[in-house]
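Chains as they are written, first to last, in our numbering: chain H, 1 to 643; chain B, 644 to 895; chain U, 896 to 1149. Working notes, beginning with the structure itself.
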Amino acid sequence: MVRVASDTLNSRVPDGPLQQKWDKHLFDMKLVNPSNKRKFSVIVVGTGLAGGAAAASLGELGYNVKSFCFQDSPRRAHSIAAQGGINAAKNYQNDGDSVWRLFYDTLKGGDYRAREANVHRLAQVSNNIIDQCVAQGVPFAREYGGTLSNRSFGGAQVSRTFYCRGQTGQQLLLGAYQALMRQVSTGKVKLFARREMLELVIVDGLARGIVVRNLATGQLETHTADAVVLATGGYGNVYYLSTMAKGSNVTAAWRCARKGALFANPCYTQIHPTCIPVTGDYQSKLTLMSESLRNDGRVWVPSSKGDKRAPDQIPDTERDYYLERRYPSYGNLAPRDISSRAAKERCDAGHGVGETGLAVFLDFRDAIQRDGEDVVRKKYGNLFHMYNKITAEDPYKQPMRIFPAVHYTMGGLWVDYNLMSNVKGLYVLGEANFSDHGANRLGASALMQGLSDGYFVIPYTIGDHLATTKLEKIADDHPACLQAKKDAEDRITKLMGVQGKRSVDSFHRELGLLMWEKCGMARNRSGLEQVIGQIRDLREQYWKDVRVLGSGDTLNQSLEKAGRVADFMEFAELLAIDALNREESCGGHFREEYQTSEGEAARNDADYSYVAAWEFQSGGAEPILHKEPLVFENVKPSTRSYK
Amino acid sequence: MNALLRILSLPAQLLTKVPGLGPFMKVLSTTVGQKILMAITGLSLCGFLVAHLGGNLKLYAGEQAFNDYAHALHSLGPILAAAEVGLFATFALHIGLAISTTALSKVARRKDYAIKETKQGIFILPNGGASNWMMLTGVLILAFLVTHILDMKLKANPGVDYSVATNAEKVIDNEFHAVKAVLSTPLNAVIYITGIVALGIHLSHGVRSALQTLGINHKRWNLLLKIGGILFAWGVAAGFIGLVVWAMAYKG
Amino acid sequence: MSTHLLNLNLRVWRQAGPNDQGGFKTYRLNGVSTHMSFLEMLDVLNEQLIAQKEEPVAFDHDCREGICGMCSLMINGQAHGPDNATTTCQLHMRRFKDGDTVTIEPWRAAAFPVLRDLVVDRSAFDRIISAGGFVSVNTGNAPDGNAILVPGVRQEVAMDGAACIGCGACVAACKNASAMLFVSAKVSQLAILPQGHPERNARVINMVAQMDKEGFGSCTNTSECEAACPAEVSVAHIARLNREYLRASIFAET
Chain H
1 MVRVASDTLN
11 SRVPDGPLQQ
21 KWDKHLFDMK
31 LVNPSNKRKF
41 SVIVVGTGLA
51 GGAAAASLGE
61 LGYNVKSFCF
71 QDSPRRAHSI
81 AAQGGINAAK
91 NYQNDGDSVW
101 RLFYDTLKGG
111 DYRAREANVH
121 RLAQVSNNII
131 DQCVAQGVPF
141 AREYGGTLSN
151 RSFGGAQVSR
161 TFYCRGQTGQ
171 QLLLGAYQAL
181 MRQVSTGKVK
191 LFARREMLEL
201 VIVDGLARGI
211 VVRNLATGQL
221 ETHTADAVVL
231 ATGGYGNVYY
241 LSTMAKGSNV
251 TAAWRCARKG
261 ALFANPCYTQ
271 IHPTCIPVTG
281 DYQSKLTLMS
291 ESLRNDGRVW
301 VPSSKGDKRA
311 PDQIPDTERD
321 YYLERRYPSY
331 GNLAPRDISS
341 RAAKERCDAG
351 HGVGETGLAV
361 FLDFRDAIQR
371 DGEDVVRKKY
381 GNLFHMYNKI
391 TAEDPYKQPM
401 RIFPAVHYTM
411 GGLWVDYNLM
421 SNVKGLYVLG
431 EANFSDHGAN
441 RLGASALMQG
451 LSDGYFVIPY
461 TIGDHLATTK
471 LEKIADDHPA
481 CLQAKKDAED
491 RITKLMGVQG
501 KRSVDSFHRE
511 LGLLMWEKCG
521 MARNRSGLEQ
531 VIGQIRDLRE
541 QYWKDVRVLG
551 SGDTLNQSLE
561 KAGRVADFME
571 FAELLAIDAL
581 NREESCGGHF
591 REEYQTSEGE
601 AARNDADYSY
611 VAAWEFQSGG
621 AEPILHKEPL
631 VFENVKPSTR
641 SYK
Chain B
644 MNALLRILSL
654 PAQLLTKVPG
664 LGPFMKVLST
674 TVGQKILMAI
684 TGLSLCGFLV
694 AHLGGNLKLY
704 AGEQAFNDYA
714 HALHSLGPIL
724 AAAEVGLFAT
734 FALHIGLAIS
744 TTALSKVARR
754 KDYAIKETKQ
764 GIFILPNGGA
774 SNWMMLTGVL
784 ILAFLVTHIL
794 DMKLKANPGV
804 DYSVATNAEK
814 VIDNEFHAVK
824 AVLSTPLNAV
834 IYITGIVALG
844 IHLSHGVRSA
854 LQTLGINHKR
864 WNLLLKIGGI
874 LFAWGVAAGF
884 IGLVVWAMAY
894 KG
Chain U
896 MSTHLLNLNL
906 RVWRQAGPND
916 QGGFKTYRLN
926 GVSTHMSFLE
936 MLDVLNEQLI
946 AQKEEPVAFD
956 HDCREGICGM
966 CSLMINGQAH
976 GPDNATTTCQ
986 LHMRRFKDGD
996 TVTIEPWRAA
1006 AFPVLRDLVV
1016 DRSAFDRIIS
1026 AGGFVSVNTG
1036 NAPDGNAILV
1046 PGVRQEVAMD
1056 GAACIGCGAC
1066 VAACKNASAM
1076 LFVSAKVSQL
1086 AILPQGHPER
1096 NARVINMVAQ
1106 MDKEGFGSCT
1116 NTSECEAACP
1126 AEVSVAHIAR
1136 LNREYLRASI
1146 FAET
């Protein structure tokens, strides 16, 4: 069985009442005086909402920042694809919202598997985020009279979501990107685009640098600093097909995990209910249709099995609006995990629509009748356009076909309250950490968390580390740097040297399919046990038969992918092990053995109210489980109900 | 190409060093500044065209009226000379800027596409409409302009019999007859009509483009501006072509 | 929507590195489903090339849902292919016919040097933003989001400009390789919003200066950029940039 570490993890959550923890902590932390800040350097890997915001804010404070991204520009980070919006407890709509309600909704939405204090801090700073973004020139939607608009989102009964048409992530990211580029112009931030992090450098137990590959030239570079901030996003692409960008990967996080950083709750993966269904085996990615569509779209399937009539030929009496039926109070706005499973349940029962039967309808007929096509177009025009582009169907005339797809990963590197991993000096922000969403993330909360971590948490907490830690100067030729660089080099040589027969993508697809079938929306013991063996076999085959052409000294996209897939092959096993270990259903983790008679997730608070943080063991040995018990002092975990 | 550019930009660079003029020249040495100057000179030349056409319409009023107008104009003496210098400078600037920005744009592309297609709607002119014919029509207009000055101002076209217009006994030239003499030869009619059509094409993009460069663009007025620009261009062209037709048809 | 299979001739620009001459290579690709996106078609080509031990074609792409702006490609002489308001990743093979020859080239501009095959370096855009495409507000010193009211209709115009995805299609499609649409989209967004007003003069002057320095051409108002823009950014923003520029040149304090 699983090897469990004897001592529990210390989350370093400050004492005191929940509402005062963050303020008190801000005062208790040591500061770096302004003139000393310029003596410290920080590496920030990733330029999404978390990384971009962090690099910009740290630069503004006076630290010397080096910012890295694998894309050709920081503005491409996948935060850009977030569509629906960002939550904040402004209560501008006067509908009863508050910091406490946002905190409560987020904690409950996460099925009580998140750390109370972190979630509360997130809700607290949410309002500052909106202010900051508005000041940066982010064009949030506004009312005719000039005040900010809000819309409602899944898992909440108040309108607290701020948005920029269907491109909120893009606009928030560009805000952070522009703040970052401003620091680049002042020289406080040095930008390194087209760089992929391949190794973490640890000196005397402290994270002190990274090894990156310049993807344009193939050169390996070593960069050192006084702290390393990782904001490298999620690992959804372990499923191959996901709504993630093609380049999104687990490599940076996994390289840190291999060096001792604990990886927490990898089995918490979010399956988004509204994505465009798969059409063929060439499919390279899945496209999300924003959850905001569920404000006006109604989800249904035909009441009778295998009904192949065109949707407009099916009268209302023969339609099953199953979300409205099962969850009357939240209806089509039920949280993502619940909506996804409900769709799967209907399709498994033979009610699915479309050629494959793996889809349900999302219908705007009633909204168009009620508000007119123009109003619907104004709200969702770009999403409808995108749907039409991909499917050649007109959602103004016929319902969209949607199906759940991997969208977000709640798990990530373990961090304490300061967002520092167990490796001192290694901070992890945004989707790359595990901290705020528990077992399921609510819509419009990812943007909130990324920006919260980047703008309003790391600038303070990193100072405490820098002010209180003895940091010797180190250079690129430090033995630890040389070793890390050599490790990276050796791996590239090894990958290039296999010279097998199969392409990297073919392996990645195979891995993804295994994961989706055995470790996707529903999991069970025998499937998980089986898939762990299959992953190991596939990994072995990978290192014998992968074909990477060209050389390591040039731009080589096959080689980039090969390194990422190699890490996914290792990481996938951990994901399955975690899923096997967690013998309960919670949020995005659904174990078929643990469900209520109505098919809802059955949580087991007595045995699993903890964060599972895994310590990598080299040589193929089983990872060691470290537990962080979850303590709920303010909210009593209850059975989640959206009925 | 780069060397050519450097030479072309030399005057501008020198001018940026002149005190007082420096900041102004700095603005005009940017691509946006140059286009603004291009627009201003272009619109000024349009103003000249209107005045020129307006004066020439006097041809319809008969010999006496036209000659009176011509003589009045010529009697302005130094004022006319100054205006002509200004006009010449405007032309020179407009042409100079056209050459330098076009050269810069060629450098900016570096390597041409194997295939290049427009993504815009259907145009009457091939290759993406009038906006892509500005250099060619500009060159045609320039060539025509030179001919026109030789014909009308210097009266040096060997193919034209100016004798009815310039008479040794007469103190003052008969401009009415000079115009008629130039325009009534078939070759000249073709040259003039070609030049004027080129002008029409040039202006059909140029006017609207100049307004856009000067920042005049508003959703509510754009259609009007677009139609107005085209009407202006072809109105001016039609006005001048009308004169050629008149001259061909004129008996007496 | 029924599926058809296409057989295509792909004429692809291959270039080993920034200093390589480069040239076209033609590949035959059979059985292309009309449901595929253009990039998925290239994926299939690359699988075929790898099987034949030929190095796959390098091309930039990331989100594959039309928002990150990383994909590019000049397809049969049109930036992002024949559709309007579409990125290459959202272009689908149903737009092509069986037997078609498809010519695929990288963006071509002096300011966008080719790195390999169809991959170009667009960091010039980053440097332009860095020259002034921001609001100088440090984290923490923002007033309440509703402190300054911006009429909804006005904010929508700002959003039209802000929608730019920075892909570079405007430069690629422009006969002058001008970056005016890109630059104006940002200048315009921040000129409309009151938050951008304090720096509006310096912003437009500095961004234009950087644009020139990067070696982009000048704008001749052909509007080809607008037609090629996947985010439907209008040339009205260019007019606004021109106004801002005139204003700044005449009235700026410094």
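All C-beta atoms, glycine included, are put in the ideal place defined by N, C-alpha and C.
Selection from the options that minimises the alpha carbon distance to residue i
| i | options | result |
| --- | --- | --- |
| glutamate 355 of chain H | H:Met386, H:Ile276 and H:Leu426 | H:Ile276 |
| isoleucine 492 of chain H | H:Leu215, H:Gln71, H:Tyr144 and H:Glu60 | H:Leu215 |
| glycine 411 of chain H | H:Ala252, H:Val376, H:Val211 and H:Gln270 | H:Gln270 |
| serine 887 of chain U | U:Pro1093, U:Cys1069, U:Val1099 and U:Leu937 | Since the displayed chain U opens at 896 and closes at 1149, residue 887 of chain U lies outside it and no answer follows. |
| arginine 1022 of chain U | U:Cys984, U:Leu905 and U:Met1106 | U:Met1106 |
| isoleucine 80 of chain H | U:Gly961, U:Gln985, U:Thr981 and U:Asp978 | U:Gly961 |
| alanine 1122 of chain U | U:Arg1138, U:Gly1091 and U:Ala1064 | U:Ala1064 |
| leucine 528 of chain H | H:Asn556, H:Gly550, H:Glu593 and H:Thr468 | H:Glu593 |
| lysine 762 of chain B | U:Asp993, U:Pro977, U:Asp1039 and U:Ser1025 | U:Pro977 |
| phenylalanine 1111 of chain U | B:Met777, B:Thr674, B:Phe709 and B:Thr790 | B:Thr674 |
| glycine 588 of chain H | H:Gly533, H:Ala621 and H:Pro266 | H:Pro266 |
| serine 503 of chain H | U:Leu1044, U:Leu968 and U:Pro951 | U:Pro951 |
| glutamine 283 of chain H | U:Ser932, U:Asn925 and U:Thr921 | U:Ser932 |
| alanine 82 of chain H | H:Ala53, H:Gly166 and H:Met386 | H:Gly166 |
Own chain, CB closer than 7 Å to residue i, minus 5 neighbours either side, in chain order
| i | result |
| --- | --- |
| serine 1113 of chain U | Asn1071 and Ser1073 |
| glutamate 510 of chain H | Leu538 |
| leucine 934 of chain U | His956, Arg959, Cys966, Thr983 and Cys984 |
| histidine 626 of chain H | Ala5, Leu9, Leu262, Ala613 and Glu615 |
| phenylalanine 103 of chain H | Val119, His120 and Ala123 |
Counterpart residues of residue i in DSSP-defined beta bridges
| i | result |
| --- | --- |
| threonine 409 of chain H | H:Thr269 |
| glutamine 672 of chain H | Residue 672 of chain H is absent from the model: chain H starts at 1 and stops at 643. |
| glycine 209 of chain H | H:Val201 and H:Thr224 |
| glutamine 866 of chain U | Nothing about residue 866 of chain U can be read from this structure; chain U reaches only from 896 to 1149. |
| proline 829 of chain B | Looking at the DSSP assignment, proline 829 of chain B forms no beta bridge with any residue, so it has no partner. |
| phenylalanine 192 of chain H | H:Phe68 |
| valine 4 of chain H | H:Leu625 |
| isoleucine 43 of chain H | H:Lys66 and H:Val228 |
Proximity test, residue i beta-carbon vs the ligand COA heavy atom, cut-off 7 Å
| i | result |
| --- | --- |
| phenylalanine 616 of chain H | The model on display carries no ligand, and the ligand COA is accordingly not part of it. |
Cutoff 6 Å; reference residue i; Cβ partners in own chain excluding five residues on either side
| i | result |
| --- | --- |
| leucine 191 of chain H | Ser67 and Val184 |
| methionine 936 of chain U | Val927 and Met988 |
Beta-carbon contacts of residue i that lie in its chain and below 8 Å, excluding the five residues immediately before and after
| i | result |
| --- | --- |
| valine 238 of chain H | Val250, Leu511, Gly512, Met515, Phe568, Phe571, Ala572 and Leu575 |
| proline 1008 of chain U | Pro913, Val1015 and Asp1016 |
Within 8 Å, do at least three Cβ pairs link the segment 89-97 of chain H to the segment 576-590 of chain H?
no
Does the count of Cβ pairs from the segment 863-870 of chain B and the segment 788-802 of chain B closer than 8 Å reach three?
no
Taking 8 Å as the cut-off, does the segment 488-495 of chain H touch the segment 557-566 of chain H (at least 3 CB pairs, one atom from each stretch)?
yes
Okay, do the segment 221-241 of chain H and the segment 25-42 of chain H touch, 3+ Cβ pairs below 8 Å being the bar?
yes
Interface positions of the segment 991-1009 of chain U facing chain B (Cβ-Cβ less than 8 Å), listed along the chain:
Thr998, Glu1000, Arg1003, Ala1004, Ala1005 and Ala1006
Is the segment 1043-1063 of chain U in contact with the segment 162-182 of chain H, if contact means three or more CB pairs nearer than 8 Å?
yes
Would you check if there are 3 or more beta carbon pairs closer than 8 Å linking the segment 153-164 of chain H to the segment 282-298 of chain H?
yes
Can you list, in chain order, the residues of the segment 309-325 of chain H whose Cβ is nearer than 9 Å to any Cβ on chain U?
none
Chain-ordered residues of the segment 723-746 of chain B with a beta carbon less than 7 Å from chain U:
Thr744
Between the segment 297-305 of chain H and the segment 947-961 of chain U, do three or more beta carbon pairs fall short of 8 Å?
no
Do the segment 545-553 of chain H and the segment 940-956 of chain U touch if we need at least three Cβ pairs shorter than 8 Å?
yes
When the Cβ atoms of the segment 871-885 of chain B are set against those of the segment 679-699 of chain B, are three or more pairs found closer than 8 Å?
yes
Which residues, in chain order, does the segment 1088-1121 of chain U contribute to contact with chain B at a C-beta distance below 8 Å?
Val1103, Ala1104, Met1106, Asp1107, Gly1110, Phe1111, Gly1112, Ser1113, Cys1114, Thr1115, Asn1116, Thr1117, Ser1118 and Glu1119
Name the residues in the segment 173-188 of chain H whose C-beta lies less than 8 Å from a C-beta of chain U; which are they?
Leu174, Tyr177, Gln178, Ala179, Met181, Arg182, Val184 and Ser185
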